[in-house]
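A short worksheet on the structure shown next.
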């Protein structure tokens, strides 16, 4: 079961109202395990390496890319190696658990050629952010577009960010595949936010220029002031966090989309909700009656009886956990975890209730709450889900839960 992907697609109604636009959807890739779209690539590569029998990898990429790969490689208990050089000094300090090795390089502009040879000699799987044959990477990134088209039937514009070109190519391939299958009548326009370095690179990099020409993508140059203003605006209007270096797609949309009617899809590489999660179960000022009332209202129509809810809240405050999602003192969600008292027979903890304010559906609030529950219980956690609630089941499966058996309750 994949831990990455199935990220929220948020209808940005506040942004629509502010700019007087028809429909804006934001794909929040920051809801992936390490907070970036690269998790999709990393998980697929590590799974492939594991299936091929590799016990170790040679990793080369930016700090963020390394973070994604390390997360999934550690889960598979794979040995991790990386090139030791002056350029990787900061990474060496940040990731001391990595085996840093010295590899001789002839071409300093493209050291990955030497790294790939070394990996083959040492029987390591080579994971490089700038891989020249990115088949698996492209397949992983197509998942973003698949998830978008599962919820939006006729997108008019796709806004993304151009760096190496693999996201752009993957988005286009999935759009073409869906168009050929008749899922929509007209291919959406693709627009990319870029910085000056990438814009200058396109004409001198044949593979990048070919991607831009094939996809017929329109490139929009964004400067640092526009990126900073975009970060400030999205946090103020939609309570979302993005970093300036990953704000190109949204900055381009806000600058160029005025007067463009239709449905705009913006892929945010590290976008995530600006919600604070806090454990409140041990708060001496906790009002249990208010928590019971809040829990029942947020879970409707899947709430339990008053007696059952009171029992769960009492158990959670004594031996479990209650997590609350808030923004500027406004409550947006709640998660109640109880101690079952069975350390070995079944998981020690049970996620009794999780509810999110309706206006926050799709923002990733539930994901954040579940992550807190998993972390606090070390993953020793079970939950129940109503069979008709397919959306919740898909979320739980994405988070690592699996279906073990049907639960049957005797009716008195």
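Residue numbers (our numbering): 562 to 973. Even glycine gets a Cβ: it sits at the ideal position worked out from N, Cα and C.
Own chain, CB closer than 8 Å to residue i, minus 5 neighbours either side, in chain order
{"i": "residue 940", "result": "961"}
{"i": "residue 642", "result": "617, 618, 619, 620, 659, 660, 661, 662, 683 and 685"}
{"i": "residue 996", "result": "Here the chain comprises residues numbered 562 to 973, so residue 996 is not present and cannot be evaluated."}
Neighbourhood of residue i by C-beta, 7 Å cutoff - its chain only, sequence neighbours within 5 removed
{"i": "residue 724", "result": "759"}
{"i": "residue 855", "result": "892 and 895"}
{"i": "residue 668", "result": "674"}
With 16 other Cβ atoms within 10 Å as the buried cut-off, status of residue i
{"i": "residue 946", "result": "buried"}
{"i": "residue 655", "result": "exposed"}
{"i": "residue 983", "result": "With the chain represented from 562 up to 973, any question about residue 983 goes unanswered, as that position is not in the structure."}
{"i": "residue 884", "result": "buried"}
{"i": "residue 792", "result": "buried"}
{"i": "residue 630", "result": "buried"}
{"i": "residue 702", "result": "buried"}
Within 8 Å, strictly: CB atoms of residue i and residue j
{"i": "residue 898", "j": "residue 934", "result": "yes"}
{"i": "residue 894", "j": "residue 875", "result": "no"}
{"i": "residue 910", "j": "residue 952", "result": "no"}
{"i": "residue 831", "j": "residue 803", "result": "yes"}
{"i": "residue 829", "j": "residue 589", "result": "yes"}
{"i": "residue 833", "j": "residue 925", "result": "yes"}
{"i": "residue 836", "j": "residue 929", "result": "yes"}
{"i": "residue 708", "j": "residue 567", "result": "yes"}
{"i": "residue 602", "j": "residue 698", "result": "yes"}
{"i": "residue 628", "j": "residue 595", "result": "yes"}
{"i": "residue 853", "j": "residue 870", "result": "yes"}
{"i": "residue 817", "j": "residue 752", "result": "yes"}
Beta-carbon contacts of residue i that lie in its chain and below 6 Å, excluding the five residues immediately before and after
{"i": "residue 715", "result": "745"}
{"i": "residue 712", "result": "570"}
{"i": "residue 908", "result": "941, 942 and 943"}
{"i": "residue 754", "result": "722, 781, 783, 809, 810, 812 and 813"}
Chain B contact for residue i (CB, 8 Å cutoff)
{"i": "residue 718", "result": "Although the question refers to chain B, the structure presented lacks it and comprises just one protein chain."}
beta-carbon residue i near the ligand NAD non-hydrogen atom, thresh 7 Å
{"i": "residue 917", "result": "With respect to small molecules bound, the structure shown includes none, and the ligand NAD cannot be examined in it."}
Exercise for the section: Ignoring anything shorter than 4 residues or poking outside the stretch 685 to 721, list the alpha helix (DSSP H) runs there in chain order. Expected result: 696 to 712
Problem - Stretch-stretch touch, CB-based, cutoff 8 Å, three pairs: the stretch 852 to 862 with the stretch 912 to 921 - result: yes
Exercise for the section: Answer yes if the stretch 728 to 738 comes into contact with the stretch 680 to 694, meaning at least three C-beta pairs across the two stretches below 8 Å, and no otherwise. Expected result: no
Practice task
Tell me, please, whether the stretch 606 to 616 touches the stretch 669 to 680 by the rule of three or more beta-carbon pairs shorter than 8 Å.
Solution key: no
Exercise for the section: Output the residue ranges of the alpha helix (DSSP H) runs that lie fully inside the stretch 592 to 671 and measure 4 residues or longer, sorted by chain position. Expected result: 599 to 612, 624 to 636 and 650 to 655
Problem - Cβ pair count under 8 Å reaching 3, the stretch 841 to 852 against the stretch 800 to 814 - result: no
Practice task
For the stretch 649 to 658 and the stretch 582 to 598, state whether three or more C-beta atom pairs, one from each stretch, are separated by less than 8 Å.
Solution key: no
Exercise for the section: Count the C-beta pairs between the stretch 820 to 829 and the stretch 759 to 769 that are closer than 8 Å, then say yes if the count reaches three, no if not. Expected result: no
Exercise for the section: Within the stretch 829 to 917, note down every full alpha helix (DSSP H) run reaching 4 residues or more, in order along the chain. Expected result: 849 to 860 and 867 to 880
Problem - Within the stretch 738 to 797, ranges of the alpha helix (DSSP H) (whole runs, at least 4 residues) - result: 757 to 762 and 767 to 776
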